[in-house]
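A short write-up of the structure that comes next.
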Amino acid sequence: MQLARETRGWWSRRWNHFYCQNEDNVLVQLNTAFGNYRRICRFSNQVFHSQGWLKLIFEATSSETSKGFSAQYESSDCGGYLNSTSGVIQPHSFHGNFTGSSECFWTISVESNKVVLLKFSTLFYTRQTSCIQNYIEIFDGPNTTSPSLGTYCSQTYAYKMVRSSNSTMLIKYVTAPEIFFGSRQDYPFNATYLSTYGPASGCGGTLNQTQGTITAPNIANTGQNEPGLYCIWDITVGQCHFRNIL
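The structure is reproduced here in structure tokens:
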């Protein structure tokens, strides 16, 4: 949500409310886990995000006549259940500075004989140096008790591909206050997923024989590869370990 006063100036948080004394101000109450109040006076280009509900309290304390304030708001979906053979995951976009927090979950479920292949194309967190407060965690199953497939939080992981070992994958997306997405409208992350074949169909697996042959799976017996394959074979012989990716 973006709030804007029709005067020039700056914004202030509640704990800096000294600057808003004797000023018309708006108190924003958020439903978040990282703090519930923000106080704004004069001008703000802040964007606030709240889960489920949001409350505004306007207080006219100035002795001067002013135009009050104007604000824009919109609702957006975050998370959901996906059961198509392929799709795009792209959470809400924000313009300017984002204040608030959210925790969203996407559950991807595909055919029982296939696995989920997820690929990031954008991971746009410009201020963070660790994956503690703002991150994406992927689970190899339908819930957060399933094995973790990794935690991701920066553009370093863009174009990273992650594959489940079964037909279900859970994506957990967590944001904390004050994530800066830049001066233009940006999406915090963008990922595509598709249903593909896994080790049960000959696409990847673990091998420990001293010798053998690896071939691309020919699922339909056409002599050609299936589209969208991402096969990983881990070969361990004694103390040697090799990885072959198709």
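The sequence shown begins at 1 in UniProt numbering and counts up by one.
We treat Cβ as the ideally placed atom computed from N, Cα and C, and that holds for glycine.
- The DSSP-derived three-state label of Ser-195 is strand.
- The beta carbons of Val-116 and Tyr-193 sit about 6 angstroms from each other, so the pair counts as a contact at 8 angstroms.
- Judged by DSSP in its simplified three-state form, Ala-216 adopts coil rather than helix or strand.
- In the structure shown, the three-state DSSP call for Ser-70 is strand.
- For Tyr-230, no beta strand (DSSP E) run applies, since DSSP gives it neither H nor E.
- With contacts defined as CB atoms closer than 7 angstroms, Asn-143 and Ser-109 fail to qualify as a contacting pair.
- At least 7 angstroms separates the beta-carbon of Lys-172 from that of Phe-120.
- Taking every protein chain shown into account, the CB of Pro-188 has 16 or more other CB atoms within 10 angstroms, so this residue is buried.
- Between the alpha carbons of Gly-228 and Thr-145 lies a gap of roughly 28 angstroms.
- Under the three-state reduction of DSSP output, Ser-146 falls in the coil class, being neither helix nor strand.
- With respect to Gly-204, Ile-232 sits close: the two C-beta atoms are nearer than 7 angstroms.
- Under the DSSP assignment, Val-110 falls outside any beta strand (DSSP E); it carries neither an H nor an E label.
- For Thr-168, the enclosing beta strand (DSSP E) has its first and last residue at 168-175.
- For Lys-119, the uninterrupted beta strand (DSSP E) run begins and ends at 115-123, by DSSP.
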